[in-house]
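K.L.:
Below you will find the structure I want to go over with you.
Next up, the structure:
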């Protein structure tokens, strides 16, 4: 069984903290199986100390058994140096220490080897088996040592059998239990730190994904807001300017023939210009209010902020109560237009009313642009679950057409407005050569 340096922490009283610090740092390629130079130096130092200890113990064992003292010391040096392999082959180190137990050699080798084995990723059943073998061997050697003392006639020690067995068991437990328990604790602590680090990495990845999604939502909200503002600007500018162009053409035609009528037309033209500037100023004011810097960590709230701006902007928009005034403006510009209302008038919600108003406004603007002299009818219907509007006009009566620019976005903007509320929109030519625009907006959640 083998383990790598990544599986075994550094030794010391602060083993748990060392594990946490080691795991928090990125792994770098080391020497052989050591990930850090500090680990290499520690293992070499422990192996050197263990070799010195085992050389003295080997020499003592050689004196007792009649072996050459040099051979015993050399054997001790080789046995003690095995400790340098503890991170790579902890099982082999423990087996060597168990094999040297009868020679009473390798005290440090046994302690450090058991600790390393318990702290490594070796299966616990193997750790328990080797720890039991080491403890049993230590107890047996200690018990036999006490038995020798009892049989020694020159010894004044008068130990009895139960006492000798108890002392041997305590010695084996004291030399086996603490390093194994410490190793198991460090192993559990390391696994806990690893799981916490994995969880932290997972949370960090989730936060990055959430931040990306929030940025995407914010970008979509900004795009939708730009589109909505563009529609509002189009409706305001197109309608007001179209009426102003019509009045300017009429003013030119009657300036010399009817000065009084020309003066009234000029006054009306000025009023329309001021109304257009007022509506544009309101929109620009909302844009300036919405241009408050948002901190980078609060990017996730950008979509909500955009939604609030949208509600605020549309809350300041026109209502259905202003439809009559809108129709009167077109009538003043020379259009024959009628307004009819079906059902009991009631509040429908600021957003819905603004949408219906803009649909009627854009439809009348199109009549000014494309059907000069045509008669138009605006039908507004309040129903139980919806509000509907129908704007129809007949064919042009052949009146001189005032050239007006057209961007081709009017019908598209009306459709987008109505569809954003889940409503229905239809537009197209009629059988008599005219045009019709109809829209239905549901009232759920609107009022």
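In UniProt numbering, the protein residues as written are 1 to 447. Think of the CB as a built atom: it goes at the ideal place given N, C-alpha and C, for glycine as much as any other residue.
What's the C-alpha gap between residue 89 and residue 55?
P.N.:
Their backbone Cα atoms lie some 22 Å apart in a straight line.
K.L.:
By how many angstroms is the C-alpha of residue 203 removed from the C-alpha of residue 171?
P.N.:
When rounded, the distance between both Cα atoms is 48 Å.
K.L.:
Output yes or no for whether 7 Å exceeds the beta carbon distance between residue 268 and residue 244.
P.N.:
Contact flag unset, no.
K.L.:
Rounded to a whole number of angstroms, what is the C-alpha to C-alpha distance between residue 366 and residue 427?
P.N.:
For residue 366 and residue 427, the distance between alpha carbons rounds to 12 Å.
K.L.:
For residue 345, which of helix, strand or coil comes out of DSSP?
P.N.:
In this structure, residue 345 counts as coil in the three-state DSSP scheme.
K.L.:
When you compare only the Cα positions, how much space is there between residue 323 and residue 391?
P.N.:
C-alpha separation (whole angstroms): 12 Å.
K.L.:
If I measure Cβ to Cβ from residue 436 and keep anything under 6 Å in the same chain, skipping five residues before and after, which residues do I get?
P.N.:
Contacts found: 392, 430.
K.L.:
When the Cα of residue 368 is compared with those of 186, 434, 143, 36, which residue comes out closest?
P.N.:
Nearest C-alpha to residue 368: 434.
K.L.:
Check residue 195 in the structure and name its three-state DSSP category.
P.N.:
Three-state DSSP puts residue 195 in a helix.
K.L.:
In three-state terms, what does DSSP make of residue 439?
P.N.:
Residue 439 falls in the strand class under three-state DSSP.
K.L.:
Exposed or buried, what is residue 71 when buried is set at 16 or more other beta-carbons lying within 10 Å of its beta-carbon?
P.N.:
Per the 10 Å Cβ criterion, exposed.
K.L.:
Note the first and the last residue of the continuous beta strand (DSSP E) segment covering residue 321.
P.N.:
No beta strand (DSSP E) contains residue 321, which DSSP labels as neither H nor E.
K.L.:
Quick check on the burial criterion: 16 or more other C-beta atoms within 10 angstroms. Buried or exposed for residue 387?
P.N.:
So residue 387 counts as buried.
K.L.:
Looking at the structure shown, is residue 333 part of a helix, part of a strand, or coil, going by DSSP?
P.N.:
It is coil, neither helix nor strand.
K.L.:
Suppose you measure from the CA of residue 352 to the CA of residue 419; what does that come to, to the nearest Å?
P.N.:
Rounded to the nearest angstrom, the two C-alpha atoms are 11 Å apart.
K.L.:
Enumerate in chain order the residues of its own chain whose CB-to-CB distance from residue 462 is below 6 Å, with the five nearest sequence positions on each side excluded.
P.N.:
This structure does not reach residue 462, given that the chain is present from 1 up to 447, and the question cannot be answered.
K.L.:
Quick one: what's residue 338 bridged to in DSSP?
P.N.:
Bridge partners of residue 338: 377.
K.L.:
Whole angstroms are fine: how far does the CA of residue 333 sit from the CA of residue 242?
P.N.:
Spanning the two alpha carbons is a distance of roughly 10 Å.
K.L.:
Please tell me whether residue 50 and residue 83 are closer than 7 Å, where the distance is taken between their beta carbons.
P.N.:
The answer is yes: Cβ separation under 7 Å.
K.L.:
Roughly how many whole angstroms lie between the Cα atoms of residue 330 and residue 444?
P.N.:
So the alpha carbons of these two residues sit roughly 32 Å apart.
K.L.:
If you drop the 5 nearest sequence neighbours on each side, which residues of the same chain put their C-beta closer than 7 Å to that of residue 138?
P.N.:
Once the five neighbours on either side are set aside, the close Cβ partners of residue 138 are 101, 171, 172, 175, 176.
K.L.:
Can you check DSSP and say which residues form a bridge with residue 386?
P.N.:
442, per the DSSP bridge assignment.
K.L.:
Residue 448 lies in the alpha helix (DSSP H); which residues open and close that run?
P.N.:
The structure shown does not extend to residue 448, since the chain is modelled only from 1 through 447, so no value can be given for it.
K.L.:
For the candidate residues 183, 370, 43, 417, whose alpha-carbon lies nearest to that of residue 117?
P.N.:
Comparing Cα-Cα distances from residue 117 to each of 183, 370, 43, 417, the minimum goes to 183.
K.L.:
Can you look up residue 430 in the DSSP assignment and give me helix, strand or coil?
P.N.:
Note: residue 430 maps to coil in three-state DSSP.
K.L.:
Pick helix, strand or coil for residue 391, following the three-state DSSP scheme.
P.N.:
Here residue 391 sits in strand by DSSP.
K.L.:
If you draw a straight line from the C-alpha of residue 383 to the C-alpha of residue 358, how long is it?
P.N.:
Going from the Cα of residue 383 to the Cα of residue 358 covers about 19 Å.
K.L.:
Look at residue 373 and residue 396 and say whether their C-beta atoms are less than 7 Å apart.
P.N.:
Contact: yes.
K.L.:
The alpha helix (DSSP H) that contains residue 369, what's its start and end?
P.N.:
Note, residue 369: alpha helix (DSSP H), 350 to 370.
K.L.:
Going by Cα to Cα distance, which pick from 44, 144, 86 is closest to residue 122?
P.N.:
Among 44, 144, 86, the Cα nearest to that of residue 122 belongs to 86.
K.L.:
Identify whether residue 121 lies in helix, strand or coil by the three-state DSSP scheme.
P.N.:
Coil, per DSSP.
K.L.:
On the DSSP letters alone, give me the boundaries of the alpha helix (DSSP H) that residue 52 sits inside.
P.N.:
Note, residue 52: alpha helix (DSSP H), 37 to 65.
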